[in-house]
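The block underneath contains the structure these notes are about, expressed in structure tokens.
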Amino acid sequence: MPGIIDFPTFLVASTLLILSPGPGTLAILGSATGSRRAGFAALAGTSAGDALLLAAAAIGAAGILAANPMAFDLLKYGGGAYLVWLGIKGLLSREQGIALSQAEQGSPFKRSLFVTLLNPKAIIFFMAFFPQFVSPGASGWTFAVLGGIFIALNCLYQTLLIIGAGFILRHLDSAPHYALWVNRLLGAVFILFGLRLALG
0 MPGIIDFPTF LVASTLLILS PGPGTLAILG SATGSRRAGF AALAGTSAGD
50 ALLLAAAAIG AAGILAANPM AFDLLKYGGG AYLVWLGIKG LLSREQGIAL
100 SQAEQGSPFK RSLFVTLLNP KAIIFFMAFF PQFVSPGASG WTFAVLGGIF
150 IALNCLYQTL LIIGAGFILR HLDSAPHYAL WVNRLLGAVF ILFGLRLALG
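All letters in the sequence shown, in the order written, are residues 0 to 199 by numbering that gives the first Met the number 0.
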């Protein structure tokens, strides 16, 4: 497509970034260990969040956040606090299952959407990453195409994780105490991601 620079490098870089685990991946896995349907709902939330962040980056919201430290800090601390809150729920759970995926913890779609949107660094990242592969003067459609490809690759990878999570769950059903510790491990990792987001 005209306007795209070094597309093969974009594909490689995007794949490596997607393979690096982040809060969105954890939210999807936490939901998928409850049920495959919940996992795909969480994936839809993460994808919707990525699409909104890409749109925000395209219209210059990243520049506003970069120029307004208070707005950036509010989102950063809010996102970090939300992740820590999810993590604490997981650590304190006494359920013999994955607490982060249970219905009483809220909609998997909304939870993953919030985890994605409450990360201002993601907007800054999108604004810094995608222009490297767009030629000067290219239309906004070029940005949209690259963003769509990035989201599609992410969906493919997360789908494999969701299917794998179902396989893991079938084994955990025969050993519920393992499920409890997996739940607590996910909670601890959420807390670490939240602290890294807020303090980084």
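Yeah, the Cβ is synthetic: ideal placement off N, Cα and C, and Gly gets one too.
Q.
When you compare the segment 76–90 with the segment 148–165, are there three or more beta-carbon pairs, one atom per stretch, that lie closer than 8 Å?
A. No: fewer than three Cβ pairs fall under 8 Å.
Q) Does the segment 121–131 touch the segment 29–36, meaning 3 or more C-beta pairs lie closer than 8 Å? A) Fewer than three beta-carbon pairs drawn from the segment 29–36 and the segment 121–131 are found closer than 8 Å, and the two stretches are therefore not classed as touching.
Q) Fully enclosed by the segment 110–172, which alpha helix (DSSP H) runs are 4 residues long or longer? A) Taking only runs of at least 4 residues, the alpha helix (DSSP H) segments lying wholly in the segment 110–172 are 119–128, 139–171.
Q: Could you tell me which of Lys109, Thr141, Ala127 sits nearest to Ala41, measuring between CA atoms?
A: Within the sequence shown, numbered from 1, the residue matching residue 41 stands at position 42. Closest option to Ala41, Cα to Cα, is Lys109.
Q) Excluding sequence positions up to five away, which residues of its chain have a Cβ less than 7 Å from the Cβ of Thr14? A) Taking the sequence shown and counting its residues from 1, one reaches residue 14 at position 15. Same-chain partners within the cutoff: Leu152.
Q: Could you say which of Thr115, Thr141, Ser111 lies nearest to Asp5 if we only look at CA atoms?
A: Locating residue 5 in the sequence shown gives position 6, counting from the first residue. For Asp5, the nearest C-alpha among the options comes from Thr141.
Q.
Bridge partners for Ile204 per DSSP, in chain order?
A. The first residue shown for the chain is 0 and the last is 199, placing residue 204 beyond what the model contains.
Q | Contact check, Leu196 vs Lys75, beta carbons under 8 Å | A | Translated into positions along the sequence shown, residue 196 becomes position 197. Translated into positions along the sequence shown, residue 75 becomes position 76. Their beta carbons are under 8 Å apart, which means Leu196 touches Lys75 by this criterion.
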